[in-house]
Structures are given as structure tokens and as C-alpha cells.
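Heads up, the thing below is written out as C-alpha cells.
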Amino acid sequence: MTAQGSQTSSVKRAAWIIVSTAFIAVCLRVAFFATPKIVTDLSNVVALSLAFAGLVVLTHYLGLLSLGQGAFVGVGAYAALHVVNDFGAPVLWMPLAGLLAGTLVGAVVAIPSLRLPKAYLALLTLSLAVAYPIILRQVDGNLPVTLNGGFVAPSWTGIAENDEHIWEFFLVAAYASVTLFFVQGLLRGPIGRAFIASRDQPEAARAFGIPVYRLRLYGVALSGGMAGLAGGLLMIPTNFNDYTHFPEELSIKMFALAMAFGGSRLISAIPGAIILIFLPVWLIDRNWVVEYGWVGLVKSEGFIYAALLLATAYLTKGKGFMHLFERRQPKSKMQPSNRQVTSVVRGLSDLDEQLVQLEGLVGDRPDIRSRQETKD
Amino acid sequence: MSLFLQRTFDSLANGSAYAALAVAISMVFRSTGILNLAQGQLAMFSTYIALVLATGPSPYMKFSSNTDLIGAAWPVWAAILGAVAISMVIGAFTERVIIRPISADPVAAVGATLGVYLLLGAFVRKQWGGRTMFLGSPFPQTVEDRWDIGGARLWHDSVGITLTMIAVLGLLAVLQRRTKAGLAFRAVTSNRTGSLLVGIRVSRVLMLGWALAAGIGALAGGLIAGEINVRPDMMGRLLVFGLAAATLGGLRSPVLAFVGGYLFAFLETMLGGYVSFVDSQVTLVWALLVLIIVLFVRPSGLMPRTEAWQQR
């Protein structure tokens, strides 16, 4: 590595440390000084950012479409709640039940649908999104199911008993940070590169020995697991669940936001979660939800999401707005970092050039018809 | 036996709607390779158009004070036909303006169809609210309008809907097999580049495909509205069954999708009728389970296996 490269790297690292420290400071300030309502909303944002990150993995890394992410979140919430209420599991472990349930349902949906064209996964997940509230209503009934237990902060935290929302926020943030860190690491490594290879050149990836079907299956299970974990985490600040929490519109809105704001970094999932939670609050605060006519349409949530989806489709060809910024990076950073891969690519292109030269030397071979004509 | 017969008769009207939606979805997917997720919402929107035409100017209309254009109330059948015509224009417009510029990228195209889905839903909610409204049936619908066959009641309404859908889809088949436009459509679905090379105007054919699909969806929505009433979410359930039925045809065979529509409606009615713990709402779950099982056991649907696997 050159001296200039090392200097840039250390500057970047320092910038990251400063930004992270500032972010943690802001979080602490908000957690301790904002109103309980805002802190609870922020906990929901942090939890849902995991579900968005799962969608980013699917759409931007694997090129797959899932229209049932809201249902996966719901599955996680259901499992988390019932593992405590019915099996007496400790409340702190409850998000892990969501993770397991989401992974399992993701795999069950993925196994049949991934054997066929990509549209089948979209079809099956959309069906799941529509069916989930109906199933939950049948299983849990019309009334909400409340969590049997609470989250009391340990004494060493100094958080008062009435301020349980602060402790809940830190729990959700801890789970989410660890998961995002782990998954981002996974995506930066060979698995992430294999995901991209299976998205862009599936046949070439197969030729290089990448098990494309199995990889996509793992991707859908991972995405489902992240959504399930998000569902489990949502139960920490919310404490109850019913069939109205995760309608099919939620899945479609999540897909719209993940498409618009997703990028190669999982951190891009956060804007989507913020908009999903705070947009309805903002619209209600401005009394826009009760307006009708053309003005009311433009100010409605459905129109905003539709405009976002159409703008993403036209302006970014479905790659998301974050992609526009990523493309502006210098070319050298877009090249594969793995030296072995680079050398293989160079070797292959040299071989290709030599083949072209050989073809030039041999000249055009006559086709069968011209040979027959000569014979005749 | 009479109960079984009754349930079979009961599944006819729903089966027609599922079959029509499945055919519409298959037609679009077959020609463009795009899964039109807005198909249900387009049908729902058309049903509201039919409602406006059938009831005349309504105090609920919020977007325009000039409702004189609509004039007096139309008969229900005329209103449905009017809505079908308007829907065909909307379908063609959607293909030309929204889908075609981005059709090269399937992810963007599916995103755009979802954009249309949300846009139509938002428009209808802002125009008419979420209330349930009633559009009558174009067929006789009183208690007396029925035939008693083997102790079961076969309603004129159900027979009318079924026969209309069979006739329309039969016409569509004739259109595809006996006309130049149909030949062009089949050529485009089979080999788009080859069609371009022999001088077929592919873009126009695709636009026609979208228009026909929207028209079929509108007809299904208008006919079934007499049974299920008109609501912004009226097509959600129908869309799931329609998608499941289209899957049985491998998303590419309109004939098998049509059969699948009736098959799913039959299963839905029988499960709801004979299995004690399955109520009318939960049948949707069973449809989903059947769909998953079909994909597990026979990923190509009812299509010949080789043909389906070539499409990967």
C-alpha cells in the first residue's frame, strides 16, 4: 500500500470514529432527554432497520424481490411473544425466537420458489403478506396478545424504574448493532461477492463453482431471519401484538423504501425505517390525512410511496438512490479488492486477446453450406 | 350429494373471477416477462368506474365538481362495458408510459407496477373513502332467480357470470388463433427478436396485450362486484387466488391458469364447507399451502416440465 493510500485510510478511519462517537452521543442524549413517545418510536426505527437491511440483502445483493418482509416481521413478533407467554422463556432472549422463526419461514418460502424464475419468490411472498394477518386473526383472535413480563433496567445502569423505555431502547440498539455489524462483515467477504456474482452473472458463477441456488436460499433465509429478529425486537418497546400490526401494505411500503434507499451498505436501511415510522406521524400532525381531492391525494401516504417507487424505477433503474452516489466513487475503489481475483481476471482477458489474435491468423473458416457448394 | 352439488355451484362465480385474473396475469407475464402486481388494483379501479357510470353523479365524488360528463345512471351491463373500455385505455397507457421505458430491468418494472398499485389504491381511498359500496349484477339476482337441480340451487347470476367469462376467454382464444393480431401476439410471446425481424410492431402488440389484460380484469371486477361489494381492498384476496391459479399454469399458459382459477375456487368452497376448522377467511391460507405444495412437487405447475424449465 502506498503512503498516500495509508494516509487516506487513516483519515477515513478517524472520520468514522468521530461520526460514530457523535452518533452514540446523539443517541444517548435522545434516549435520556426526549419524551418516552419519541424514544419508543426510535426503538421501532432501530428494530425495523434490521428488516430493511434484510430487504437490502435480497434486492441489492441477490437481485431478488420479496414483497412479504412485513409478514416475516410479523412471524418474528408472533414467535417472540409466544415463546415468553407459552414457554416461559426469559424476555431478554425473546428476539432470538423471532430470528429463528423468520429464518425458518424464509427457508420454507425460498425452497420451492427459487427453483423457478425470480418472479415466483415475489408471488409467494406477496401471498404470504396477504395471508399473514388472516392467519394471525385465526390463531390469536381479534384481541391483542400482551407480553407476560417487562424490561426492568439493572441497577448499574442508573435508569429509573419508570424510565423503562430508555432501557428498551438500549436493548434494541444493542441487538441491532451486533446483527448489522455481523451481516455487513459477511457481505464484505467472499459470501457477499458470491451474492453479487450470482446476481449479475449466475451462469458464470455456476461455472466458477458457486452454488447459486443454495446461496440464494441462504440469502432469503438470512433476510427472513433479520426480519424475524426485527419483529422480536419490536415487541420489546411495544409489548403487544395483534393482526392489524403487519398488513400487506406494510410489506409493500417496506419494499418501496428498500428499493429507493437501499445500497451496497446496510446503513442505508436506516432512512427507510425512519420514513416508515415517522411519515404517518408527520402527516397526522399536519392534518393532511383528512384532506380529499387532488391536494389530498398528493399529500397521502399511498401517493408518496407510489411516487417514490416510480421515481426509483425511472431515475435509478431500480437500483436505488444510494447507488447514484456509489457510482461517483473513483474507479480504482470499484475494482475487486481480492488480489487473486484480480490476477485471474487479468489472466482471462490476456487469454481472450491471444484467442482473438489466433483467430485472425487462422482466418475465417468456410461454413458447411459453402463447403457443399464447392463439392457440387 | 345435494350439499356437494350446492358447494360446486357456489364456487362458479368466484372461480370465474380467479380465472379471469389468472389469465390476465399470465398474458402479461408471457408477453413481457413482467409480473403485473397492479392487476388486482386495476380491476378494483375499473369496478369503481363502473359504479360511477351505474349510479350517476354521486355526492361521494370528491375530485371533480363537474359530474355532468357522466350524465344519468347507466344500466349495470352498460356501465361494466364502459368500465372495460376505459380500463383497456388505462392498461395500454400504463404499458406505454410507465412500463415500456424501464421494461429492460425486471426489478424496476415490478417496482413500477407496485407504484401503480399504490397510486390507484390512494386515489380510490381519497375519492370514495374506505366505505363499502354496492354495484348490482347485470344478471337477475332476486331469490326467485334460480334453478333447482338435484336439491341444489343454481343461481342465474352465477351461471351468467361463468358463461360470460367462458365466452370472453373463448373469444380471446379465437382472437389469438384466428386473427393477424393474435398471430402477432403469439409470435411476440414466442420470440421477440424474431418478431421484430419479420416486421411485427412488437411495442404495439405488447400494448394490446396489456390493454386486453386490463379489460379482462375489469370485466372480472365488474361481474364479481355484485357478489362481494365494492371496497378499496376487494381485490386483495382475489389477486392471491389469481396468482395461485396463474402459478398452476406456470405463469405462461392462459388455458391452465383458467382451469386453475376454477380449481382453486372449488377447493376453497369445499374446504370451507367440509372442514370444520376452516372458515371462509382461512381458505386463503389453504390456497397458499396448496401453492407451496404445488411448487414443491411440480415446480412447473401443470405445464409440461421441459417447457417450463426452458424458461429459467
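Protein sequence lines, in the order shown, are assigned to chains U and V.
Numbering-wise, the numbering used here puts 328 at position 135 of the first sequence, and it's gapless, one number per residue.
Numbering-wise, the numbering used here puts 213 at position 186 of the second sequence, and it's gapless, one number per residue.
C-beta: ideal position from N, C-alpha, C; glycine also.
Here the structure is a predicted model, which is why all the values come from computation and not from measurement.
Indicate whether at least one CB of chain U lies closer than 8 Å to the CB of glycine 142(V). Yes, its Cβ sits closer than 8 Å to a Cβ of chain U.
Using 8 Å as the threshold, is the region 473 to 485 of chain U in touch with the region 289 to 305 of chain U, meaning 3 or more CB pairs across them? In short, these stretches do not touch, since the Cβ pair count stays below three.
Cβ-based contacts, 8 Å cut-off: residues of the region 114 to 130 of chain V near chain U: Residues of the region 114 to 130 of chain V with a C-beta less than 8 Å from any C-beta of chain U: Ile125, Pro128 and Ile129, listed in chain order.
Within 8 Å, strictly: CB atoms of alanine 110(V) and alanine 245(V): Yes. Within cutoff.
Minimum C-alpha distance to glycine 253(V) - residue among Ala200(V), His183(V) and Gly276(V): That would be His183(V), whose Cα lies nearest to the Cα of glycine 253(V).
Is it buried or exposed, tyrosine 301(V), if we count other Cβ atoms within 10 angstroms and call 16 or more buried? Exposed, because fewer than 16 other Cβ atoms sit within 10 Å of the Cβ of tyrosine 301(V).
First and last residue of the beta strand (DSSP E) that includes arginine 399(U)? Per DSSP, arginine 399(U) belongs to no beta strand (DSSP E); it is in the alpha helix (DSSP H), 395 to 400.
Could you tell me which uninterrupted alpha helix (DSSP H) segments, each at least 4 residues in length, are contained entirely in the region 223 to 289 of chain V, listed from first to last along the chain? Along the length of the region 223 to 289 of chain V, whole alpha helix (DSSP H) runs at least 4 residues long occupy 229 to 255 and 263 to 275, reported in chain order.
Spatial neighbours of leucine 317(U) within its chain, please: CB distance less than 8 Å, with the 5 preceding and 5 following residues excluded, ordered by chain position. Counting only Cβ-Cβ distances below 8 Å, and skipping sequence neighbours, we find Gly261, Val302, Pro305 and Ser306.
Which residue or residues does DSSP assign as beta-bridge partners of alanine 179(V)? For alanine 179(V), which the question treats as bridged, DSSP gives the partners Ile176(V).
Looking at isoleucine 211(U) and the ligand ADP, is the gap between the Cβ and the nearest heavy atom below 7 Å? Because no ligand of any kind appears in the structure shown, any question about the ligand ADP cannot be addressed here.
For threonine 339(U), the residue or residues it bridges with in DSSP: DSSP, once it has assigned bridges, lists Phe433(U) as partnering threonine 339(U).
When the Cα atoms are used, what is the spatial distance from leucine 266(V) to leucine 319(U)? Straight-line spacing of the CA atoms in leucine 266(V) and leucine 319(U) works out to 10 Å.
Fully enclosed by the region 334 to 388 of chain U, which alpha helix (DSSP H) runs are 4 residues long or longer? Taking only runs of at least 4 residues, the alpha helix (DSSP H) segments lying wholly in the region 334 to 388 of chain U are 357 to 381.
Taking the alpha carbon of aspartate 175(V) as the reference point, which residue from Leu283(V), Ser29(V) and Ile76(V) has its own alpha carbon closest? Of the candidates Leu283(V), Ser29(V) and Ile76(V), the one whose C-alpha sits nearest the C-alpha of aspartate 175(V) is Ser29(V).
I need the straight-line Cα distance from alanine 136(V) to leucine 235(V), nearest angstrom please. Within the model, the alpha-carbon separation for alanine 136(V) versus leucine 235(V) is close to 18 Å.
Spell out a yes or no on whether the region 499 to 508 of chain U and the region 139 to 159 of chain V are touching, meaning 3 or more CB-CB pairs, one atom from each, closer than 8 Å. Yes, the region 499 to 508 of chain U touches the region 139 to 159 of chain V.
For the putative contact between glycine 187(V) and serine 73(V), defined by C-beta atoms under 8 Å, what is the C-beta separation to the nearest angstrom? In fact, because the Cβ distance is near 19 Å, the residues do not count as touching under 8 Å.
Residues in its own chain within less than 7 Å of aspartate 342(U) by CB, not counting five upstream and five downstream? Note that residue 342(U) is glycine in the sequence shown here, rather than aspartate. Cβ-Cβ distances below 7 Å link glycine 342(U) to Val277 and Val284 in the same chain, with the five nearest sequence neighbours on each side left out; the list follows chain order.
Just how far apart, CA to CA, sit phenylalanine 56(V) and leucine 278(V)? Phenylalanine 56(V) and leucine 278(V): Cα-Cα distance of roughly 7 Å.
With burial defined as no fewer than 16 other Cβ atoms inside 10 Å of the residue's Cβ, what is the status of leucine 39(V): buried or exposed? Classification of leucine 39(V): buried, given that the 10 Å Cβ count is 16 or more.
Measuring only the C-alpha atoms, how far is valine 249(U) from alanine 462(U)? When only Cα atoms are considered, valine 249(U) and alanine 462(U) end up about 7 Å apart.
Taking 8 Å as the CB-CB cut-off, is threonine 274(V) touching chain U? For threonine 274(V), the nearest beta carbon of chain U is closer than 8 Å to its own beta carbon.
If you reduce the DSSP assignment to three classes, tell me which class alanine 335(V) lands in. Low local confidence applies: a pLDDT of 46 at alanine 335(V) is under 50, so the model's placement there is unreliable, with the coordinate-based value given in what follows. Helix at alanine 335(V).
Quick check on alanine 315(U) - is its C-beta less than 8 Å from some C-beta in chain V? By this cut-off, alanine 315(U) is an interface position.
Kindly list the residues whose CB is nearer than 7 Å to the CB of methionine 452(U), restricted to its own chain and excluding five residues on each side of it in sequence; keep chain order. So the list reads Thr252, Leu502, Thr505, Gly511 and Gly513, once near-sequence residues are dropped.
Closest Cβ-Cβ distance between phenylalanine 265(U) and chain V: below 8 Å? Between phenylalanine 265(U) and chain V, the shortest Cβ-Cβ separation is not below 8 Å.
Just reading off the alpha helix (DSSP H) that threonine 74(V) is part of, what are its end residues? 66 to 82 is the span of the alpha helix (DSSP H), which, as asked, contains threonine 74(V).
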